[in-house]
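Heads up: the structure comes next, in structure tokens.
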Amino acid sequence: MKAVVLLVLPLISGTVLAKPGIDWLSVHWPPFRIADGAEKGQGHVDQMQQMLMAELPQYRHQVHYSNFARVEQALAAPTAQTCIFSLLYNETRAKTMRYSIPAVISVNVMLHVRAEHPLARQWQTGAGVALAEVTADPAINGMVERNRGYPAIVKQYLDVADSNLSSQSLQNINPVDLLLANRFDYLIEFPDRVRYFQSIAPQKSQLVDLPIRGLDPLMVSYAACQDSAEGELRLRDINRALQKLRSTKAYQTSMMQWLSPHRQLQLQKYLPQFISDVNPPKSSK
Numbered sequence: 093m094k095a096v097v098l099l100v101l102p103l104i105s106g107t108v109l110a111k112p113g114i115d116w117l118s119v120h121w122p123p124f125r126i127a128d129g130a131e132k133g134q135g136h137v138d139q140m141q142q143m144l145m146a147e148l149p150q151y152r153h154q155v156h157y158s159n160f161a162r163v164e165q166a167l168a169a170p171t172a173q174t175c176i177f178s179l180l181y182n183e184t185r186a187k188t189m190r191y192s193i194p195a196v197i198s199v200n201v202m203l204h205v206r207a208e209h210p211l212a213r214q215w216q217t218g219a220g221v222a223l224a225e226v227t228a229d230p231a232i233n234g235m236v237e238r239n240r241g242y243p244a245i246v247k248q249y250l251d252v253a254d255s256n257l258s259s260q261s262l263q264n265i266n267p268v269d270l271l272l273a274n275r276f277d278y279l280i281e282f283p284d285r286v287r288y289f290q291s292i293a294p295q296k297s298q299l300v301d302l303p304i305r306g307l308d309p310l311m312v313s314y315a316a317c318q319d320s321a322e323g324e325l326r327l328r329d330i331n332r333a334l335q336k337l338r339s340t341k342a343y344q345t346s347m348m349q350w351l352s353p354h355r356q357l358q359l360q361k362y363l364p365q366f367i368s369d370v371n372p373p374k375s376s377k
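When you read off a place in the sequence shown, starting at 1, and then add 92, the result is the number in our numbering.
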């Protein structure tokens, strides 16, 4: 009987001491996240998430890469272990996911055009591009990436009648190549993402980024986990780690890695407010 007890005890001990898990949802979306190739895991959001995971050794971490559509499906029916890093808040996601304190601050989407395009000359000065006017022009066309979340100011003109703004799947496609090839006239995208694609585009050309009128210049994203008691426990630890990381040079450097010097200065002005903000989104539970 003693021998049996000795055999059973390690099994019980191993079960009790097993680490709880976090299944991190992710997508291949350079330069934020890179899922394959020589730069795998070296996206700037990848690097920030790795710093966060290192601050949470009490959990077993697994990163699961998918596409935007499948990630949204997972967010609609998450498991107790489901979490995601750098997620924009919206009311639909908040029905199933609970949000952290601010995790990432970035320059918001902008309208990008070739420097020689008439749009650049028309809108380069002033209070920003009026989307109502630009999207109503039948002589031009614009593009955004399909199955992405966009600000309401952009979404109201997307894939609707009498608007020239449409969505397209851009998985493994360089949208800057399409822009430079005159496949469309303007692209609505994050400036750091466009700058990355410019760096790897075989055709070199000057692009202009134009702010969109009525859109906040910066965008905040969060970590999020299942809206449950288990999810809340994970977020408690995630929030504690974020409060430590957000003030570090390494975390901030990764966050601004692909921004132009001008856009870095723009974001740096808001860093003190970002670091001190300990509130999840207002509508979050």
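All residues carry an ideal CB built from backbone N, CA and C; glycine is no exception.
| request: Go ahead and label Leu325 buried or exposed: buried means 16 or more other beta carbons lie within 10 angstroms of its beta carbon, across all protein chains shown. | output: In the sequence shown, the residue the question calls residue 325 occupies position 233. Counting Cβ neighbours within 10 Å, Leu325 comes out exposed, since fewer than 16 surround it.
| Taking just the CA atoms, how far does Leu307 sit from Asp277? | As a first step, residue 277 is located in the sequence shown; it is residue number 185 there, counting from the start. As a first step, residue 307 is located in the sequence shown; it is residue number 215 there, counting from the start. Those two C-alpha atoms are separated by around 21 Å.
| said: Could you tell me the alpha carbon to alpha carbon distance between Pro267 and Phe289, rounded to whole angstroms? | reply: Taking the sequence shown and counting its residues from 1, one reaches residue 267 at position 175. Taking the sequence shown and counting its residues from 1, one reaches residue 289 at position 197. About 7 Å.
| query | Per DSSP, what kind of secondary structure is Tyr278 in: helix, strand or coil? | reply | Against the sequence shown, residue 278 aligns to sequence position 186. Strand at Tyr278.
| Hey, quick one: how far does the alpha helix (DSSP H) through Phe124 stretch, first residue to last? | Against the sequence shown, residue 124 aligns to sequence position 32. Unbroken run through Phe124: none, as it is neither H nor E.
| field | Sheet register partners of Ser259 (DSSP bridge) | value | Numbered from its first residue, the sequence shown carries residue 259 at position 167. Val236.
| field | Integer Cβ distance of Pro309 from Asn200, believed to fall under 8 Å | value | Residue 309 sits at position 217 when you count from the first residue of the sequence shown. Residue 200 sits at position 108 when you count from the first residue of the sequence shown. Yes, Pro309 and Asn200 are in contact; Cβ-Cβ is about 6 Å, under 8 Å.
| task | Please determine, among Lys187, Gly241, Phe160, Leu211, the residue with the shortest C-alpha to C-alpha distance to Ile232. | result | The residue given as residue 232 occupies position 140 in the sequence shown. Ranking Lys187, Gly241, Phe160, Leu211 by Cα distance to Ile232 puts Leu211 first.
| message | So, with DSSP's three-state summary, where would you put His209? | response | As a working mapping, residue 209 is identified with position 117 in the sequence shown. Reduced to three states, the DSSP call for His209 is coil.
| Contact between the stretch 161 to 180 and the stretch 252 to 264: three or more CB pairs below 8 Å? | no
| said: Using the three-state DSSP reduction, which class does Trp215 fall into: helix, strand or coil? | reply: If you number the sequence shown from 1, residue 215 lands on position 123. Three-state result, Trp215: helix.
| request: Closer than 7 Å by C-beta to Ala195: which residues in its own chain qualify, once you throw out the five before and the five after it? Chain order, please. | output: In the sequence shown, residue 195 corresponds to position 103, counting from 1. Correct list, in chain order: Phe177, Ser178, Ser313, Tyr314, Ala315, Leu334.
| Do Cys403 and Asp138 have their C-beta atoms closer together than 8 Å? | Outside the shown range of the chain, which is 93 to 377, sits residue 403, and nothing can be said about it.
| Of the choices Leu271, Gln318, Asp319, whose alpha-carbon is the least far from that of Leu391? | This structure cannot settle anything about residue 391, because the visible part of the chain is limited to 93 through 377.
| field | Segments of 4+ residues assigned as alpha helix (DSSP H) that fall wholly inside the stretch 265 to 323 | value | 267 to 272, 283 to 292
| request: Count the other C-beta atoms from every protein chain shown that fall within 10 angstroms of the C-beta of Ser192, then say buried if there are 16 or more, exposed otherwise. | output: Counting from 1 along the sequence shown, the entry for residue 192 is found at position 100. Its Cβ being crowded by 16 or more others within 10 Å, Ser192 is buried.
| said: Taking the beta strand (DSSP E) that Asp115 belongs to, which residues open and close that run? | reply: Translated into positions along the sequence shown, residue 115 becomes position 23. Here the beta strand (DSSP E) through Asp115 covers 113 to 119.
| said: Distance check for Arg185 and Ile126, CA to CA, integer angstroms please. | reply: Residue mapping note: residue 126 aligns to position 34 of the sequence shown, counting from 1. Residue mapping note: residue 185 aligns to position 93 of the sequence shown, counting from 1. C-alpha separation (whole angstroms): 24 Å.
| message | On the CB-based measure, 16 or more other CB atoms within 10 Å of its CB, does Val286 come out buried or exposed? | response | Here residue 286 refers to the residue found at position 194 of the sequence shown. Burial call: buried.
| Quick one: what's Leu180 bridged to in DSSP? | Working through the sequence shown from its first residue, we reach residue 180 at position 88. DSSP lists no partner for Leu180.
| task | Under 6 Å Cβ to Cβ from Ile330, same chain only, skipping five residues before and after it: list those, please. | result | Taking the sequence shown and counting its residues from 1, one reaches residue 330 at position 238. Around Ile330: Ser192, Ala315.
| By Cβ distance, which residues of its chain are closer than 8 Å to Ser339, with the 5 residues on each side in sequence left out? | As a first step, residue 339 must be located in the sequence shown, where it is residue number 247. Only Ile367 meet the Cβ criterion.
| In three-state terms, what does DSSP make of Arg190? | Taking the first residue of the sequence shown as position 1, residue 190 is located at position 98. DSSP places Arg190 in strand when its eight states are reduced to three.
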